[in-house]
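For the sequence shown, my numbering begins at 98 and goes up steadily by one.
Here a beta-carbon is modelled for each residue, glycine too, at the ideal position from N, C-alpha and C.
Just so it is clear, the structure is predicted and the values come from calculations on it, not from any experiment.
Some notes on the structure that comes next.
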Amino acid sequence: MTTIPSNLQHIHERMQQACDNAGRDPSSVTLLAVSKTFDAEAVVEAARAGQTAFGENYVQEGVDKILELPRLLPGRAVQWHCIGPVQANKTRQVAEHFDWVQSIDRLKIAQRLSAQRPEALPPLQVCIQVNVDGGVSKSGVTPDEALTLARQVAGLPRLVLRGIMAIPEPAPDFEAQKAVFAAVKAIFDQLREMDSRVDTLSMGMSEDLEAAIAAGATMIRVGRAIFGQRPMKT
Ligand SMILES: *Cc1c(COP(=O)(O)O)cnc(C)c1O
């Protein structure tokens, strides 16, 4: 017996409730299932339960799953988001296999992804990762740098700038979480004024998705609350 379908249902209930509380339309928030450290069978189970978008942190692990999935689940298209740091020597793998990269924080990486995106594939959908609280997640640009990098990335031919991603440090309570997420939302709003294609504000995880939705998240990224505890802390 599996718990993934019931976990997914529970997350959708939490999302629905959070949207109700915030006066938002539930269809304005997308669930990204973070499948890092879980095997392709877990992805298949979630996909059979209706989940379509999956997030991976580690490039090689993600690519292995992406290549394995069509055999396990023929004829079912799922969408893959790279949400972990991308080293320069991994950009080709990412450009050839992922649909989205949410963790853009250097122009050089974005330029390589654009140059290496195969012509046969649609443009890579990307978000700028912003580090709003200077937390231990050392990835991400500062809020001051975000718009400059976004402008440069928006000019690259094989990328489409979709928005902002943030991984704030855990905050003690709802109000504290919401305050940090509101700071990310402010950057998102500035970016949207600059580029009308921008529509994605990716923030909120298993523990704080309610605060993220209250602050305006359009995509939440949930791992453990769908797939269970990860074997190692990552
Ligand atoms: C692991 C991870 C998540 C999911 O975290 P959970 O605590 O498992 O819900 C979301 N976003 C990023 C960038 C991650 O690395």
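For isoleucine 310, no beta strand (DSSP E) segment is defined; the enclosing uninterrupted segment is the alpha helix (DSSP H) at 306-311. Glutamine 274 places its beta carbon 8 angstroms or farther from that of leucine 204. If one requires a minimum length of 4 residues, the alpha helix (DSSP H) runs lying completely within the segment 238-287 are 240-251, in chain order. Within the same chain, Cβ atoms closer than 7 angstroms to the Cβ of isoleucine 206 are found at Val183, Ala185 and Thr188, the five residues on either side in sequence being excluded. Ranked by Cα distance from alanine 280, the first of Val198, His194, Glu138 and Gly231 is Gly231.
With a threshold of 7 angstroms, the Cβ atom of methionine 112 does not count as near ligand 1, since no heavy atom of the ligand is closer than that. Using a Cβ-Cβ distance cut-off of 8 angstroms, the segment 98-107 and the segment 289-297 are not in contact, since fewer than three pairs of beta carbons, one from each stretch, lie closer than that value. With a cutoff of 8 angstroms on beta-carbon distance, leucine 166 and alanine 192 are scored as not near each other. In the DSSP secondary-structure assignment, alanine 150 is bridged to Gln176. Arginine 111 is positioned such that its CB atom lies closer than 8 angstroms to that of glutamate 307.
Within the model, the alpha-carbon separation for glycine 320 versus isoleucine 264 is close to 13 angstroms.
Within the segment 110-160, the complete beta strand (DSSP E) runs of at least 3 residues fall at 127-131 and 150-153. Counted as a single uninterrupted DSSP element, the stretch harbouring glutamine 222 is not any alpha helix (DSSP H) but the beta strand (DSSP E) occupying residues 221-227. Check the Cα spacing between proline 254 and each of Ala212, Ser200, Gln199 and Ile163: the tightest is with Ala212.
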